[in-house]
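J.: In my numbering, the protein residues as written are 361 to 482.
#1: Between the segment 413-431 and the segment 369-377, do three or more beta carbon pairs fall short of 8 Å?
#2: Have a look at 440, 399, 396 and 433 and flag the residue whose alpha-carbon is nearest the alpha-carbon of residue 368.
#3: Ends of the beta strand (DSSP E) at residue 463?
#4: Ignoring anything shorter than 4 residues, give me the alpha helix (DSSP H) runs that lie fully in the segment 385-439, in order along the chain.
#5: Rounded C-beta distance between residue 384 and residue 412? I'm assuming under 8 Å.
#6: Count the other CB atoms within 10 Å of the CB of residue 429; is the residue buried (16 or more) or exposed (fewer)?
#7: Please tell me whether residue 436 and residue 364 are closer than 8 Å, where the distance is taken between their beta carbons.
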C-alpha cells in the first residue's frame with residue numbers, strides 16, 4: 361500500500377501546486393479516470409478532468425481501510441475507503457470516499473492506469 365499511498369501523495373502535491381503537467385504525468389497513456397462528476401476514457405478527457413480538479417482547489421485523501429487485490433512487479437490493484445478533504449478556498453470539507461486504483465510499473469515509476477474515486481450518496 362506504500363506504493364499506492366505514494367502515488368496519492370504525488371496527486372495531492374500536484375493539485376496543491378496547480379501543476380497540471382505533473383498530474384498528467386502520473387497517468388498512463390490510456391488511463392481511465394472515474395470521478396464523482398463523470399467518467400473519462402480518453403487522454404483528452406482525463407486531462408480536462410484534471411484541469412477541473414486543479415481549478416477546484418486542494419484535495420487530500422484520508423483512507424483508513426485498504427485491500428490489495430493484486431500485486432506483482434508490474435501491476436498493483438488496490439481498493440480503499442475513508443474520507444476525502446477538499447478546499448475550494450472557503451475552508452476544508454470532508455466526505456466519505458471510495459477508491460479503486462490500478463497502477464502500472466512503467467520504467468522507474470508507477471503510473472495510474474485506472475482511478476475510480478467517488479463520494480457515496482447519502
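For each residue, glycine too, the CB sits at the ideal point set by N, CA and C.
T.: So, from the listed chains and residues:
#1: yes
#2: 440
#3: 453-466
#4: 403-416
#5: Wrong, their Cβ atoms sit about 13 Å apart, outside the cutoff.
#6: exposed
#7: yes
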